[in-house]
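Below is one structure; the comments refer to it alone.
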Amino acid sequence: MPEAYERHLVPALFRPFAADLAARAAALRPRTVLELAAGTGALTSALLTAAPTASVIASDLNQAMVTAGSAREPRADWRQADAQELPFEDGTFDLVVCQFGVMFFPDRPAAYNEVRRVLAPQGRFLFNSWGPLAAHGFAAAFQTALKESMPGAAPAFLEDVPHGYTDLAQVASDLAAAGLTLAGAEEVTLDGSAESAASVATGFLTGTPVSAVLDARQDAQGIRTAVAQRMTALLGTGPVTAAMTATLYTAHHQA
Ligand SMILES: C[S@@+](CC[C@H](N)C(=O)[O-])C[C@H]1O[C@@H](n2cnc3c(N)ncnc32)[C@H](O)[C@@H]1O
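Once you know that position 100 of the sequence shown is 100 in our numbering, the rest is easy, because the numbers rise by one and skip nothing.
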């Protein structure tokens with residue numbers, strides 16, 4: 001999964017937001033940074049380019065992601081870690097960052113509590129999460145194609161997980177429950193570009209948990225082909241561009 005994710009999804013979906021988040025993070029002039037749910041290191045690389053003197057620990061729950069990320073971005077110190085149970089001392093970092101990871105944490109207040117614990121008193125927590133599925137040109141087209149190719153049986157993963165944590169009041173409440181104050185929430189819309197709609201379809205079909213659902217079916221190959229064709233019909237042939245919306249959150253210790 002890390003290879004498919006890195007090849008088909010990172011350039012189109014994740015790199016544009018990594019550049020945006022890294023620039024905001026670098027403006028805080030951090031010295032010690034912890035990255036949560038770093039995946040294959042899209043944000044890690046952008047951050048190390050924008051803030052080359054920062055010391056960056058990149059962590060992820062999934063050891064396969066850590067292995068792929070550390071090979072791709074050796075300037076960071078990579079660690080396998082569950083965001084809900086961080087293996088770091090109290091008050092260690094002046095910045096904690098997380099790109100498109102919080103939606104995957106089963107217990108977000110527990111993860112935010114760990115962020116508060118490892119943050120220095122004046123530290124900042126910068127993270128983003130996707131907006132609703134309809135506000136993401138690639139994800140919305142993919143889900144439409146999936147529903148048409150698997151009538152009544154399409155996995156709702158994209159709607160429920162990556163695009164399922166969009167309520168600002170809920171985010172503020174989860175942070176407050178962990179002793180963090182939400183200091184800012186900014187909607188950010190960026191364009192993503194890919195070589196083809198089929199490439200993005202391949203990314204969602206093989207670089208996300210949708211892959212395991214299809215692998216369990218006899219007709220998996222036929223569905224994959226149908227989804228790629230339908231997504232191409234929706235977005236067009238050749239290189240494709242789509243608008244994608246996310247929210248960028250800033251939090252810090254409660255006063
Ligand atoms: C959509 S990817 C984002 C990866 C990366 N931040 C990027 O921008 O490309 C979500 C990541 O969250 C990680 N993840 C899921 N649950 C986690 C947890 N409890 N603690 C830490 N990482 C987790 C997954 O392994 C995956 O790498």
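Ideal placement from N, C-alpha and C gives every residue a C-beta, glycine not left out.
Could you tell me the alpha carbon to alpha carbon distance between residue i and residue j, rounded to whole angstroms?
i: E148; j: A76; result: 42 Å
i: F93; j: Q99; result: 17 Å
i: S45; j: V118; result: 22 Å
i: L61; j: G184; result: 27 Å
i: P239; j: E195; result: 4 Å
i: H253; j: L175; result: 10 Å
i: L34; j: M1; result: 24 Å
i: E262; j: A251; result: Since the displayed the chain opens at 1 and closes at 255, residue 262 lies outside it and no answer follows.
i: V200; j: A12; result: 8 Å
i: P155; j: G207; result: 14 Å
i: F14; j: E6; result: 9 Å
i: A4; j: A212; result: 13 Å
i: A50; j: A216; result: 42 Å
i: Q170; j: E186; result: 15 Å
i: V210; j: Q63; result: 19 Å
i: H8; j: A172; result: 32 Å
i: A135; j: S193; result: 16 Å
i: T225; j: I57; result: 39 Å
i: Q218; j: Q229; result: 19 Å
i: T32; j: L95; result: 6 Å
i: T53; j: A255; result: 29 Å
i: A27; j: Q221; result: 46 Å
Within this structure, are the beta carbons of residue i and residue j separated by less than 8 Å?
i: A42; j: V10; result: yes
i: G69; j: W78; result: yes
i: A246; j: D191; result: no
i: A81; j: P87; result: yes
i: Y112; j: L214; result: no
i: L133; j: Q143; result: yes
i: M231; j: A197; result: yes
i: S55; j: L36; result: no
i: V227; j: L205; result: yes
i: L158; j: A141; result: no
i: M150; j: I223; result: yes
i: V115; j: A25; result: no
i: A83; j: F105; result: yes
i: A145; j: L48; result: no
Would you mind sorting residue i into buried or exposed? The rule is 16 or more other CB atoms within 10 Å of its CB.
i: R108; result: buried
i: T237; result: exposed
i: R29; result: exposed
i: P162; result: buried
i: D20; result: buried
i: R22; result: The sequence given here has Ala at residue 22, not Arg. It is buried - the Cβ of A22 has at least 16 other Cβ atoms within 10 Å.
i: A258; result: Residue numbering for the chain in the displayed model covers 1 to 255; residue 258 lies beyond these limits and cannot be assessed.
i: G39; result: buried
i: R124; result: buried
i: T202; result: buried
i: T189; result: exposed
i: A71; result: exposed
i: E89; result: exposed
i: P16; result: buried
i: G101; result: buried
i: G137; result: buried
i: A18; result: buried
Taking only beta-carbon atoms, is residue i less than 8 Å away from chain B?
i: L234; result: Judged by its chain identifiers, the structure shown contains no chain B, having just a single protein chain.
Q. Is it a yes or a no for the stretch 166–183 touching the stretch 129–137, going by three-plus beta-carbon pairs under 8 Å?
A. Output reads yes: the stretch 129–137 touches the stretch 166–183.
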